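K.L.:
In our numbering, the protein residues as written are 1188 to 1738.
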């Protein structure tokens, strides 16, 4: 392989030709050493990333310890997203750092893994090692992270890379749960180098993924592909119009015939989340914040300002004075019937207290900027209500209710928690005609205004466990695994029934974020032909060695 060489070396040689004092030489040597270490550990050669790269492109002498792909939402965090993008591109190969505003992650990953398969077929062991050690960094808000998680899940790669998240949003619940912090990071060289080293030393954890199916009558105003009036978030970006003959028009065997049968004008959409799904007044405040930020983006370029504006909107929306300004007809119990799945295949009604105005379905112990609404149930709650601590990989959602913002402030206390309603493998909301014509919903920090039936129709939202994704976490993170040896509940973890999993349709196994990655037939044939060559050469070498021994 070619010796390691970088374009920066040309400037370095010119700089070295000048007279330098001892301190300058020492500083320059330290800088060069640090830069070489970064390339040795994280750099991916261009020929791996770009199928049409020149054969003379950089080849490293050794496989990097921790090759990373970096995805940055340059619009997140005010100016920070763009600054972070420039710093990563300065430190690494610019072709391994992607601006999500320029190219979608499914396009990037599909091109990369197809090229890796071709290289592996040509006997490139370096490419195979890169694939095995690959890690992904995504910098953005929770919605951006959810977008990338959905893509990686839907591609169904043979070796899906684990993912680390950089907190560039307002809430940053995903990064906080896995130990990456909730404050916007530094964008200077030292801060980014420090983060890269943390990624290299991070542990892998599995996290549950949750699938959503929503059935509703198509909006009468605006395009339906995607549903423009709803302005759905990235994690639901795959929502689309489906034909009457499509099996997606039926939510599944759990639906009542009156609800699940195909009717003209009805459509089924799908998506997913990894942190939380919420509905009610908290989502209403979030929707007001996002609407305000969309109309006046220049006023929301600082995390502290964003959080202050969020608090003000909570007051103006009546979240702190809900009993006075929020009609009881919009409380959760009056809006919807709720069913939960405590055991696989068995649905039962869930009682919602009349005063609850917001309901949150949690996957992680981090909500609204790092708060833990579920808390840790004491021994009595565990014994009499069969409640457990919130694990991120136990196949259970924690369902919590809140009356108003004052109720939410209880979470600031050391053992504070919301109203624990249930833990379940799935949950379903059925909305029928009532006093409200809409409600607000939110997934992983991204809200939308959801129209409700104005006649005898029914809107159904069903959430079910889909699978798991690999995350990167610091060793002292808040997220806990049920399989951790220190957990007394590890023996209670539900195992996935392979027969049950195989019985689920392909459409219900995916979020709709990307098509499954498939290796083209010509690449498969190429891999098979190249796979036979090493065996043939080995046979000839053995035969030659045998003949030499005889002579």
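Note that the Cβ used here is the ideal one computed from N, Cα and C, for glycine as well. As the structure is a computational prediction, the values presented were derived from the model and not from experiment.
(1) Measure the C-alpha to C-alpha separation of residue 1556 and residue 1307 and round it to an integer number of angstroms.
(2) Between the stretch 1468-1482 and the stretch 1248-1262, do three or more beta carbon pairs fall short of 8 Å?
(3) Roughly how many angstroms separate the alpha carbons of residue 1655 and residue 1337, rounded to a whole number?
(4) Below 8 Å on the Cβ atoms is my contact criterion, and I expect residue 1355 with residue 1328 to pass it. Report the Cβ-Cβ distance as a whole number of Å.
(5) Name the DSSP bridge partner or partners of residue 1538?
(6) With residue 1363 as the anchor, note down where its alpha helix (DSSP H) starts and where it stops.
(7) Mapping the DSSP letters down to three states, classify residue 1395 as helix, strand or coil.
(8) Would residue 1631 and residue 1394 qualify as a contact pair, given that the criterion is a beta-carbon distance under 8 Å?
(9) Would residue 1482 be called buried (16 or more neighbouring beta carbons within 10 Å of its own) or exposed?
(10) Is the distance from the Cβ of residue 1550 to the Cβ of residue 1462 below 8 Å?
(11) For residue 1548 and residue 1627, what's the separation of their Cα atoms in angstroms?
(12) Between which two residues does the beta strand (DSSP E) harbouring residue 1352 extend?
(13) For residue 1638, report the span of its beta strand (DSSP E) as first-last.
(14) With DSSP as the reference, label residue 1670 as helix, strand or coil.
(15) CA-CA distance, residue 1384 and residue 1287?
(16) Comparing alpha-carbon positions, which option in 1646, 1625, 1607 and 1313 lies nearest residue 1617?
(17) Given residue 1230, which residues of its chain have a CB within under 8 Å of its CB, disregarding the five upstream and five downstream residues?
(18) Given a threshold of 16 other Cβ atoms within 10 Å of its Cβ, counted over all protein chains shown, does residue 1378 qualify as buried or as exposed?
(19) Using only the alpha-carbon positions, how far apart do residue 1357 and residue 1312 sit?
(20) Give the straight-line distance between the Cα atoms of residue 1319 and residue 1346, rounded to the nearest whole angstrom.
(21) Just grab the DSSP bridge partners of residue 1617 for me.
(22) Taking 8 Å as the threshold (C-beta atoms), are residue 1650 and residue 1608 in contact?
(23) Taking 6 Å as the limit between beta carbons, can you name the residues of its chain near residue 1648, skipping five residues before and five after?
(24) Considering only residues of the same chain and omitting the five flanking positions on each side of residue 1267, which have a CB-CB separation below 8 Å?
(25) Hey, out of 1271, 1351, 1480 and 1478, whose CA is closest to residue 1388's CA?
(26) Taking the alpha carbon of residue 1652 as the point to measure from, which residue in 1534, 1365 and 1460 has its own alpha carbon closest?
(27) Reducing DSSP to helix, strand and coil, say where residue 1344 ends up.
(28) Closest by CA to residue 1517, which one among 1491, 1526 and 1545?
(29) Beta-carbon separation of residue 1665 and residue 1552 under 8 Å?
(30) By a C-beta neighbour count over all protein chains shown, 10 Å radius and 16 as the cutoff for buried, is residue 1292 buried or exposed?
(31) Provide the residue span of the alpha helix (DSSP H) that contains residue 1606, from first to last.
(32) Could you check which residue in 1298, 1671, 1309 and 1382 has the C-alpha nearest to that of residue 1578?
(33) Three-state secondary structure (DSSP) at residue 1259?
(34) With respect to the beta strand (DSSP E) encompassing residue 1584, which residues constitute its N-terminal and C-terminal limits?
(35) On the criterion of 16 or more Cβ atoms from any shown chain inside 10 Å, does residue 1535 qualify as buried, or is it exposed?
P.N.:
Short version:
(1) 43 Å
(2) no
(3) 11 Å
(4) 6 Å
(5) The partner list for residue 1538 (beta bridge, DSSP) is empty, contrary to what the question assumes.
(6) 1360-1364
(7) strand
(8) no
(9) exposed
(10) yes
(11) 14 Å
(12) 1350-1354
(13) 1633-1638
(14) coil
(15) 23 Å
(16) 1646
(17) 1247, 1251, 1254, 1279, 1280 and 1283
(18) exposed
(19) 42 Å
(20) 7 Å
(21) 1524 and 1647
(22) no
(23) 1401 and 1616
(24) 1355, 1371, 1372 and 1374
(25) 1351
(26) 1460
(27) coil
(28) 1545
(29) yes
(30) buried
(31) Taken as a continuous stretch (DSSP letters only), residue 1606 belongs to no alpha helix (DSSP H), being part of the beta strand (DSSP E) at 1606-1611.
(32) 1671
(33) strand
(34) 1584-1589
(35) exposed
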